[in-house]
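Residue numbers (full-length UniProt numbering): 1 to 488.
Only one structure is covered here, and it is reproduced in the block below.
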Amino acid sequence: MNGNAIMLFPLLFPLIAGIIIGFQKQEKQRNLLVFITIAIELAVVVYLAGGSNTLVVWQMTDRLSLAYHTDGLAKFFAVMICAIWLLAAVFSFEYMKHEHKPARFFMFYTMALGALMSLCFSSNMVTLYLSYEYMTLLTLPLVIHTGTVEAVRAGMKYLGYSVFGAGLGLMGLFFLNSYCTSTSFVPGGTLDQGLLGGNGSLMLLIYFLMMIGFGCKAGMFPLHAWLPTAHPVAPSPASAVLSGIITKGGVIAIIRVTFYLVGADFIRGSWVQTALLTLAIITVFMGSMLAYKERLLKRRLAYSTVSQVSYVLFGLMTLHPIGFVGALMQVVFHAVAKNILFLGAGAIIYKTEKTYVDQYKGLGKQMPVVMWCFTIASLSLIGIPPTGGFVSKWYLAQAGLDPAYGTLGLVGVAVLMVSALLTAGYLLPIVIDAFFPGKDFDDTKLEKKEPNYLMTVPLVLLSAAVLAFGIFPGGLMQWILNISSVIF
């Protein structure tokens, strides 16, 4: 082992703390341990973001190792994930009172954060693959937590799709090890034309299969079906992080393989770029249409994730600096907004046990804070200023309008616009029914059902972030531009 040993802390600390939390039966002590663990994790990640660290844990061969480093991309994802993970945990302290075995939930919830940090800070493809599988195994208990037949089936579907997708990534690793000078992540890529020889067409096919595999976790067609099955059956805090954060695990893997191993220049203008842009466009439209038709709120939000994360994939597959900026902006704003929506859905279920969208008339009077936060997140997903979602979608559209993409770029932008309209169609009616139930609706007998501060404070803080980054996007934009400038 060499380098900076502090790199191991954000990877191992949640794992060890999670095991201790699992044996803590006292609710207050357990919640305090969870909060302190994630807060310390966030503080350490912020500290690591201020420097450059590298740690080789295990040198397997001269080309393969288990190693970690802190580059701009790793810091970006790690800080975002820890901040949201902490707020969702605070919400969970109240929500999990009506779920069985909360200690088990918080054990795996805390341990999963360590897997995500391992994924973020992975220095090479071997480490990323192991972390990716580690993340799947530790989030599976969150999906099947309720123990119902439906939850177990959904969990097995989640596991099957995830392992198959990761398997495609592992297959690609064998080829990358042969055709790259190194499987370590280097901006611009390490693919060597001399080693590749006449196997360029084969490498394009392998890269395409890897993108399909890692696109599974991101909810991209055709391996998207696990997502609308798994999210509705999990406890709402788990649904929130599965949708807002875990899907970004696939995005991290796609970025690393595309821009740090294979290289954008190798893919640009090929059939693979066209195919992946097409799949992203299809997924954006399909997810929006399915969400529009769905009546169960959590499944509607899950289909929305299928659509919204593919906005990110569309931006990445333009292989354009502006598209890359738009994609990472969308990563942040989708993660924040979708956590608000799923946590809001959880608050509604916790206080009213209502799960279908046609049951929410008058909720704006009963739960005004929750529904105002829900409204802000909805506006962001649609892309209405001054919310953050407008900023990310603006840059994605700018990238798609580049003449280099021709008709496909125009189709992509058109689908983004149609998807925005569909998003308005499946989210705004919920808001309208909540605040304007109609003159025939008697709201005089409605009782206040606002949840306590453990639920409302995280929602308010996340909603404030949506507005703050929408009005003042400069700091976040500069951070992303710094990452982009290294790659392009």
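No residue lacks a Cβ here, since even glycine has one placed at the ideal position from N, Cα and C.
All of these numbers come straight from a predicted model, not from anything done at the bench.
For W479 and M135, I'd like the C-alpha separation in whole angstroms. Taking the first residue of the sequence shown as position 1, residue 479 is located at position 479. Taking the first residue of the sequence shown as position 1, residue 135 is located at position 135. Computed Cα separation, rounded: 26 Å.
May I ask which residues mark the beginning and end of the beta strand (DSSP E) holding Q59? For this step, residue 59 is matched to residue 59 along the sequence shown. Note, Q59: beta strand (DSSP E), 54-59.
Would you mind reading off the limits of the beta strand (DSSP E) that contains Y207? Sequence index remark: in the sequence shown, residue 207 carries index 207 (1-based). No beta strand (DSSP E) contains Y207, which is instead part of the alpha helix (DSSP H) from 200-217.
Just how far apart, CA to CA, sit L12 and T70? The residue given as residue 12 occupies position 12 in the sequence shown. The residue given as residue 70 occupies position 70 in the sequence shown. Rounded to the nearest angstrom, the two C-alpha atoms are 16 Å apart.
Identify which residue in A17, N4, E27, F214 has its Cα closest to the Cα of G51. Taking the first residue of the sequence shown as position 1, residue 51 is located at position 51. Ranking the options by Cα distance to G51, first place goes to N4.
Indicate the three-state DSSP secondary structure (helix, strand or coil) for H100 in the structure shown. Walking along the sequence shown from the start, residue 100 turns up at place 100. The answer is coil: DSSP assigns H100 none of H, G, I, E or B.
Where are the alpha helix (DSSP H) runs, 4 residues long or more, that stay fully inside the region 396-483, in chain order? 406-435, 453-471
Around the Cβ of S201, are there at least 16 other Cβ atoms within 10 angstroms (buried) or fewer (exposed)? Here residue 201 refers to the residue found at position 201 of the sequence shown. Result: exposed.
Please state the DSSP three-state secondary structure of residue 514. Look at the range of the chain in this structure, 1 to 488, and you will see that residue 514 is not part of it.
Rounded to the nearest angstrom, what separates A335 and I245 at their Cα positions? Position 335 of the sequence shown holds residue 335. Position 245 of the sequence shown holds residue 245. Rounded to whole angstroms, A335 to I245 spans 6 Å at the Cα level.
Could you pull out every residue in the same chain whose Cβ sits closer than 6 Å to the Cβ of A275, ignoring the five residues on either side in sequence? On the sequence shown, position 275 is the one that residue 275 refers to. So the list is empty, once near-sequence residues are dropped.
Does DSSP put L296 in a helix, a strand or coil? On the sequence shown, position 296 is the one that residue 296 refers to. L296: strand per DSSP, three-state reduction.
Would you list the one or two residues that DSSP bridges to N124? For the purposes of this step, residue 124 is identified with residue 124 of the sequence shown, where counting begins at 1. Note: N124 sits in a beta bridge opposite S184.
List the endpoints of the continuous alpha helix (DSSP H) containing S378. One-based indexing of the sequence shown puts residue 378 at position 378. Start and end: 368-382.
Once you ignore the five residues that flank L223 on each side, which residues in its own chain have a CB closer than 8 Å to its CB? In the sequence shown, residue 223 corresponds to position 223, counting from 1. Once the five neighbours on either side are set aside, the close Cβ partners of L223 are Y161, F164, G165, I212, G213, G215, C216.
Beta-carbon contacts of G474 that lie in its chain and below 7 Å, excluding the five residues immediately before and after: For the purposes of this step, residue 474 is taken as the residue at position 474 of the sequence shown. Taken in chain order, the list of residues that qualify is empty.
Less than 8 Å separating the beta-carbons of A291 and S243? The count along the sequence shown starts at 1 and reaches residue 291 at position 291. The count along the sequence shown starts at 1 and reaches residue 243 at position 243. Not in contact: A291 and S243 (Cβ atoms no closer than 8 Å).
Three or more C-beta pairs below 8 Å linking the region 116-136 and the region 58-70: yes
The beta strand (DSSP E) that contains H231, what's its start and end? As a position in the sequence shown, residue 231 is number 231, starting the count at 1. Run containing H231: none in the beta strand (DSSP E); it sits in the alpha helix (DSSP H), 226-233.
Since V332 contacts M117 with CB under 8 Å, what's their CB separation in whole angstroms? As a working mapping, residue 332 is identified with position 332 in the sequence shown. As a working mapping, residue 117 is identified with position 117 in the sequence shown. Contact doesn't hold; Cβ gap of about 17 Å is too wide.
Determine, using beta-carbon pairs with one atom in the region 389-408 and one in the region 350-368, whether at least three such pairs fall under 8 Å. no
When you compare the CB positions of I21 and A103, do they come within less than 8 Å of one another, or not? Your numbering for residue 21 matches position 21 in the sequence shown. Your numbering for residue 103 matches position 103 in the sequence shown. Yes, the pair counts as a contact, with Cβ atoms nearer than the cut-off.
Would S178 be called buried (16 or more neighbouring beta carbons within 10 Å of its own) or exposed? Translated into positions along the sequence shown, residue 178 becomes position 178. Exposed, by the Cβ-count rule.
Okay, do the region 224-241 and the region 186-203 touch, 3+ Cβ pairs below 8 Å being the bar? no
Span of the alpha helix (DSSP H) holding Y260? Residue mapping note: residue 260 aligns to position 260 of the sequence shown, counting from 1. From DSSP, Y260 is part of no alpha helix (DSSP H); its letter is neither H nor E.
Would you kindly report the start and end of the unbroken alpha helix (DSSP H) that includes A240? Translated into positions along the sequence shown, residue 240 becomes position 240. Per DSSP, A240 belongs to the alpha helix (DSSP H) from 236-241.
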